[in-house]
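A short write-up of the structure that comes next.
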Amino acid sequence: MDNETVSYEQAKEYLKSLYDWSLNGLSCWSDFVSIAHNDYGMDSVDFSKYGYTELVLFGKALTIFNNWGFDPVNKMIDEVIAISI
12 MDNETVSYEQ
22 AKEYLKSLYD
32 WSLNGLSCWS
42 DFVSIAHNDY
52 GMDSVDFSKY
62 GYTELVLFGK
72 ALTIFNNWGF
82 DPVNKMIDEV
92 IAISI
């Protein structure tokens, strides 16, 4: 993985921003977490409900997979949830 492009802290900040934005009642956080946790029961993400901000935040969160991979992303998700509760 290319861990130099997005630092661990920057990646967590991307996720925290996505989480915070989802507190407006939008599904972008739960959609991303379902993808990250490989929730096979999940239907596809309905991007028609997303606006510009949701698409940008979701896109930034997806870049984390390219830079860190599956297990570190799930660890970051757990850390974001822990600091947000």
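First residue of the sequence shown: 12, per the working numbering; consecutive thereafter.
Positions of the beta carbon are idealized from the N, C-alpha and C atoms, including for glycine.
Just so you know, these numbers come straight off a predicted model, no measurement behind them.
Would you check if there are 3 or more beta carbon pairs closer than 8 Å linking the region 78 to 91 to the region 53 to 69?
-> no
Just checking my contact of E65 with L37 at CB under 8 Å: how many whole Å lie between their CB atoms?
-> The count along the sequence shown starts at 1 and reaches residue 65 at position 54. The count along the sequence shown starts at 1 and reaches residue 37 at position 26. Right, the Cβ-Cβ distance comes to about 6 Å (below 8 Å), so this counts as a contact.
Would you mind stating whether I88 and A47 have Cβ atoms separated by less than 8 Å?
-> The residue you call residue 88 lines up with position 77 of the sequence shown. The residue you call residue 47 lines up with position 36 of the sequence shown. Yes, Cβ-Cβ distance for I88 and A47 is below 8 Å.
Three-state secondary structure (DSSP) at N96?
-> Position 85 of the sequence shown, counted from the first residue, corresponds to residue 96. According to the sequence shown, residue 96 is Ile rather than Asn. Coil at I96, not helix or strand.
Residue nearest to Y63 in terms of C-alpha spacing, selected from V17, K23, A93, L29 | Counted from its first residue, the sequence shown places residue 63 at position 52. Y63 has its Cα closest to that of L29, out of V17, K23, A93, L29.
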